[in-house]
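Residue numbers (our numbering), protein chains in the order written: chain A, 5 to 294; chain B, 259 to 341.
Where a beta carbon is used, it is the ideal one built from N, C-alpha and C, also for glycine.
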């Protein structure tokens with residue numbers, strides 16, 4: 005049996021962890037009501053991974069906050085829940101709520117030092133800020149990528165023998181043209197894979213080389229799979245097949261491309277883990293979280 | 259104590275101040291988010307305006323999250339066996 009202080013601290017840790025689970029569950033439930041599926045899945049994954057990391061730390065999580073920090077932290081977490089619960093529709097501000105609630109819980113646990121101590125968990129909770137990619141960020145970055153996407157799609161089509169040329173952001177065919185706008189630059193797919201790469205980095209032991217390879221491969225795979233999708237759409241336009249265009253644009257075909265993107269990325273990351281194993285730690289049991 | 263109070267209250271104040279401006283920014287985008295540009299097809303043949311609708315594309319993300327969870331479980335199980 006430990007000292008009464010140690011027992012009290014341990015009980016407080018358990019209460020704080022239970023409170024964190026309750027806040028996370030509340031946000032996930034309230035978020036599920038909104039017509040923003042991508043945001044909801046990203047938030048759910050971020051909360052699950054963050055809570056897993058806290059659980060794995062176990063006794064390392066020290067409850068040392070003062071009364072002021074506990075009150076302010078609790079208020080912050082409750083405000084996020086009320087804000088999400090009362091929202092009739094999705095707003096951009098909802099992206100901030102997971103990390104704001106996480107910061108409140110860390111504050112209630114360890115005071116302002118808790119933000120640094122739980123920086124990995126808080127970084128995970130910033131993932132909803134990145135995915136779905138905010139429109140302004142996408143529109144800002146897209147002009148530099150659209151011509152490359154167009155050129156890549158043209159190269160794929162020409163390699164397959166289709167008479168298609170690229171002119172800036174436009175794919176030209178003998179009788180038709182396809183305008184590749186910011187929404188089809190591939191940035192959305194890349195952001196999605198970056199979220200998955202961030203989860204892999206947070207949950208698995210990785211070297212610096214592996215981290216770089218994970219994020220770089222996410223960019224490459226997200227871009228190339230999208231270029232292939234645009235190439236297929238161009239063929240549909242070339243053939244004048246509206247049904248085929250709709251299928252690959254907004255139908256099941258589009259889903260197949262997102263599934264292909266994730267599958268290729270997971271296989272590539274598996275190979276990255278197999279080929280570049282980090283050196284075993286010197287002595288002691290292997291630590292899974294770094 | 260004062261330092262804690264300042265940092266903590268500034269966090270809450272930032273949230274309170276930032277919320278309306280971020281909400282306004284969102285409304286500028288017609289109240290929808292993400293990749294809804296795909297609904298904006300102008301009617302011209304071959305005019306392509308975006309990614310697939312969100313309920314479909316989110317399946318890819320969910321698949322990835324599931325695969326990572328299974329992988330993490332397998333790694334944890336393996337390391338437990340080694341010990």
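Exercise. Given that residue 384 of chain B touches chain A, what residues does it touch there, using C-beta distances under 7 angstroms?
Worked result: Summary: the structure shown does not reach residue 384 of chain B, with chain B confined to residues 259 through 341, and so no result is reported for it.
Exercise. Of all the CB atoms in chain B, is at least one closer than 8 angstroms to the CB of residue 156 of chain A?
Worked result: By 1-based counting over the first chain, the position of residue 156 of chain A is 152. With 8 angstroms as the cut-off, residue 156 of chain A does not count as an interface residue toward chain B.
For this session: Could you tell me which uninterrupted alpha helix (DSSP H) segments, each at least 4 residues in length, are contained entirely in the stretch 121-164 of chain A, listed from first to last along the chain?
Result: The qualifying runs are 123-129, 131-134, 139-163.
Problem set entry | Inter-stretch contact (C-beta, 8 angstroms, three-pair minimum) for the stretch 147-155 of chain A and the stretch 70-83 of chain A | Segments in contact, no.
Problem set entry | Proximity winner among A/56, A/259, A/278, relative to residue 206 of chain A (alpha-carbon distances) | For the purposes of this step, residue 206 of chain A is identified with residue 202 of the first chain, where counting begins at 1. Residue 206 of chain A has its Cα closest to that of A/56, out of A/56, A/259, A/278.
For this session: Could you name the residues of the same chain whose beta carbon sits closer than 6 angstroms to that of residue 174 of chain A, not counting the 5 residues immediately before and after it, in chain order?
Result: Taking the first chain and counting its residues from 1, one reaches residue 174 of chain A at position 170. The residues are 181, 183.
Exercise. Under 8 angstroms between the Cβ atoms of residue 33 of chain A and residue 48 of chain A?
Worked result: Against the first chain, residue 33 of chain A aligns to sequence position 29. Against the first chain, residue 48 of chain A aligns to sequence position 44. No, the Cβ-Cβ distance between residue 33 of chain A and residue 48 of chain A is not below 8 angstroms.
Exercise. Residues in its own chain within less than 8 angstroms of residue 80 of chain A by CB, not counting five upstream and five downstream?
Worked result: Position 76 of the first chain, counted from the first residue, corresponds to residue 80 of chain A. The answer, listed in chain order, is 104, 105, 107, 108, 111.
Exercise. When the Cα of residue 329 of chain B is compared with those of A/280, A/273, A/279, A/281, which residue comes out closest?
Worked result: Here residue 329 of chain B refers to the residue found at position 71 of the second chain. The option with the nearest alpha carbon to residue 329 of chain B is A/273.
For this session: Label residue 165 of chain A either buried or exposed according to how many other C-beta atoms from any shown protein chain fall within 10 Å of its C-beta, with 16 as the threshold for buried.
Result: Indexing the first chain from 1 puts residue 165 of chain A at position 161. Counting of Cβ neighbours within 10 angstroms places residue 165 of chain A among the exposed residues, the total staying below 16.
For this session: Spell out whether any CB of chain B is found under 8 angstroms from the CB atom of residue 49 of chain A.
Result: The residue given as residue 49 of chain A occupies position 45 in the first chain. Residue 49 of chain A counts as touching chain B.
For this session: Assign residue 170 of chain A to one of three DSSP states: helix, strand, or coil.
Result: For the purposes of this step, residue 170 of chain A is taken as the residue at position 166 of the first chain. Correct three-state label for residue 170 of chain A: strand.
For this session: Specify the secondary structure class of residue 176 of chain A as computed by DSSP and reduced to three states.
Result: In the first chain, residue 176 of chain A corresponds to position 172, counting from 1. Reduced to three states, the DSSP call for residue 176 of chain A is strand.
Exercise. Leaving out five residues before and five after residue 137 of chain A in sequence, what residues of the same chain have Cβ atoms less than 6 angstroms from its Cβ?
Worked result: Counting from one through the first chain, the residue named residue 137 of chain A turns up at place 133. Contacts found: 191, 192, 195.
Exercise. So, using beta-carbon positions, are residue 229 of chain A and residue 185 of chain A closer together than 8 angstroms?
Worked result: The residue given as residue 229 of chain A occupies position 225 in the first chain. The residue given as residue 185 of chain A occupies position 181 in the first chain. Cβ atoms of residue 229 of chain A and residue 185 of chain A: not closer than 8 angstroms.
Problem set entry | Residue from A/38, A/124, A/45, A/128 with nearest C-alpha to residue 87 of chain A | By 1-based counting over the first chain, the position of residue 87 of chain A is 83. Answer by Cα proximity: A/38.
For this session: Could you check what DSSP says for residue 333 of chain B in three-state terms: helix, strand or coil?
Result: Position 75 of the second chain, counting from 1, holds the residue named residue 333 of chain B. Residue 333 of chain B: helix per DSSP, three-state reduction.
For this session: Can you tell me which of A/99, A/197, A/234 puts its alpha carbon nearest to the alpha carbon of residue 2 of chain A?
Result: Since the first residue shown for chain A is 5 and the last is 294, residue 2 of chain A is missing from the structure and cannot be characterised.
Exercise. Secondary structure at residue 88 of chain A, three-state DSSP: helix, strand or coil?
Worked result: Here residue 88 of chain A refers to the residue found at position 84 of the first chain. Looking at residue 88 of chain A - three-state DSSP - the assignment turns out to be helix.
Exercise. Which of helix, strand or coil does DSSP assign to residue 14 of chain A?
Worked result: For the purposes of this step, residue 14 of chain A is taken as residue 10 along the first chain, with counting starting at 1. Looking at residue 14 of chain A - three-state DSSP - the assignment turns out to be helix.
Exercise. Residue 181 of chain A by DSSP, collapsed to three states: which one?
Worked result: Here residue 181 of chain A is taken as the residue at index 177 of the first chain, counted from 1. Correct three-state label for residue 181 of chain A: strand.
Problem set entry | Secondary structure of residue 37 of chain A, DSSP reduced to three states | The residue given as residue 37 of chain A occupies position 33 in the first chain. The answer is coil: DSSP assigns residue 37 of chain A none of H, G, I, E or B.
Exercise. What three-state label does DSSP hand residue 95 of chain A in the structure shown?
Worked result: One-based indexing of the first chain puts residue 95 of chain A at position 91. Three-state DSSP puts residue 95 of chain A in coil, outside helix and strand.
Problem set entry | Limits of the unbroken alpha helix (DSSP H) element including residue 226 of chain A | Position 222 of the first chain, counting from 1, holds the residue named residue 226 of chain A. In the DSSP assignment, residue 226 of chain A falls within the alpha helix (DSSP H) that extends over 212-243.
Problem set entry | residue 41 of chain A classed as buried or exposed, judged by whether at least 16 other C-beta atoms fall within 10 angstroms | Here the question's residue 41 of chain A lines up with position 37 in the first chain. Label assigned to residue 41 of chain A: buried.
Exercise. Which stretch, first to last residue, makes up the alpha helix (DSSP H) that contains residue 116 of chain A?
Worked result: Mapped onto the first chain, residue 116 of chain A falls at position 112. In the DSSP assignment, residue 116 of chain A falls outside any alpha helix (DSSP H) and carries neither an H nor an E.
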